[in-house]
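Chemist:
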Amino acid sequence: MVFSLPLDEIVFPNPELADDDGLLAVGGDLSPDRLILAYQHGIFPWFSEGDPILWYSPHQRCVIYPHQIKVSKSMRLILKSNIFTVTANKAFDQVISNCAKTPRKDQPGTWITKEMQDAYNHLHDLGWAHSIEVWQHESLVGGLYGIGMGKVFCGESMFSLVSNASKVALVYLCKEFEFELIDCQLPNDHLLSMGAEMIDRSNYMKILQKG
148 MVFSLPLDEI VFPNPELADD DGLLAVGGDL SPDRLILAYQ HGIFPWFSEG DPILWYSPHQ
208 RCVIYPHQIK VSKSMRLILK SNIFTVTANK AFDQVISNCA KTPRKDQPGT WITKEMQDAY
268 NHLHDLGWAH SIEVWQHESL VGGLYGIGMG KVFCGESMFS LVSNASKVAL VYLCKEFEFE
328 LIDCQLPNDH LLSMGAEMID RSNYMKILQK G
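Heads up: the sequence shown runs through residues 148 to 358, numbered per our numbering.
In structure tokens, the structure reads:
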């Protein structure tokens, strides 16, 4: 059953009531309070331009345990070569903008609408949203962004303009921060090759609720 959210009250139904695809609710807004409440309960927005706001809580989450991330021999050589410089929270607006406009295989358009960009830039200003930037010759060539929620980093999107740049960002996130879990939301070959696995909602929530 998909629930309709009121605009005059910031609430969500029990995430366990999401349908088989993880869709839980429709409507509401992207205010900071609503977004923070969503992430605290394992819920995230995901919708296309022109559609109403859709809220998801998958029954199975794609996650990476930072200490178990798989770093290939070739990636270790790249990290040692210093061909990239990596920073954190230095260019959040550029990272989310690039995530929105970088073409993706089999995905016309983007779900990172202008409304979404404004909302997450606001969360960044409030200290909730974070970015990792990968630079080459002073040009931004890759990165990722997401929400820091206690022991969990809720990853939203990543981009790469040159080979391996987004992988470098992910390795940096796993190695340089003290998160117990990187929430990748939905699986893809890129993430699975780096050690991502599927866990059920109850296990995910146990770590999320550690605070």
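By construction, the Cβ of each residue, glycine as well, lies at the ideal position given by its N, Cα and C atoms.
#1: Buried or exposed: Val158, going by 16 or more other Cβ atoms within 10 Å of its Cβ?
#2: Identify the continuous alpha helix (DSSP H) that holds Val242 and give its terminal residues.
#3: Please state whether the Cβ-Cβ distance between Gly175 and Leu152 is less than 8 Å.
#4: List the residues that DSSP assigns as beta-bridge partners of Met148.
#5: What are the partner residues of Phe191, as DSSP defines its beta bridges?
#6: Going by Cα to Cα distance, which pick from Met148, Arg348, Ile211 is closest to Asp335?
#7: List the whole-angstrom C-beta distance separating Gly293 from Phe300, where the pair is believed to meet the contact cut-off of C-beta under 8 Å.
#8: Report yes if the CB atom of Ile216 is closer than 8 Å to the CB atom of Met341, and no otherwise.
#9: On the DSSP bridge assignment, give the partners of Leu328 in chain order.
#10: Specify the secondary structure class of His271 as computed by DSSP and reduced to three states.
#11: Can you name the start and end residues of the beta strand (DSSP E) that Met345 belongs to?
#12: Output needed for Glu344: all residues of its chain with C-beta closer than 7 Å, excluding positions within five of it in sequence on either side, in chain order.
#13: Give a yes or no on contact between the stretch 157-173 and the stretch 195-210, applying the rule of three or more CB pairs nearer than 8 Å.
#14: State the beta-bridge partners of Arg208 as determined by DSSP.
#15: Can you give me the start and stop residues for the alpha helix (DSSP H) that Val309 sits inside?
#16: What are the boundary residues of the alpha helix (DSSP H) that Ser228 is part of?
#17: Please list the terminal residues of the continuous alpha helix (DSSP H) segment that includes His337.
#18: Answer yes or no: do Asp347 and His206 have a C-beta to C-beta separation smaller than 8 Å?
Modeler: Here's the rundown:
#1: Under the 10 Å beta carbon count, Val158 is surrounded by fewer than 16 other beta carbons and is classified as exposed.
#2: Start and end: 239-248.
#3: Yes.
#4: Met148 is not bridged by DSSP to any residue.
#5: Residue pairing for Phe191: DSSP places it in a beta bridge opposite Tyr203.
#6: Sequence check: residue 335 is Asn here, not Asp. Here the closest residue by C-alpha is Ile211.
#7: Their Cβ separation, rounded to whole angstroms, is 5 Å, which keeps Gly293 and Phe300 in contact under 8 Å.
#8: Going by C-beta atoms, Ile216 is nearer than 8 Å to Met341.
#9: For Leu328, the pairing in a beta bridge is given by DSSP as Val299.
#10: It is helical.
#11: That run of the beta strand (DSSP E) goes 344-347.
#12: Cβ neighbours of Glu344 beyond the five flanking positions: Val210.
#13: Yes, the stretch 157-173 touches the stretch 195-210.
#14: When DSSP reads this structure, Arg208 sits in a beta bridge with Ile346.
#15: First-last for Val309: undefined, no H or E at that position.
#16: It spans 220-228 - the alpha helix (DSSP H) in which Ser228 sits, taken as one unbroken run.
#17: 336-339 is the span of the alpha helix (DSSP H), which, as asked, contains His337.
#18: The answer is yes: Cβ separation under 8 Å.
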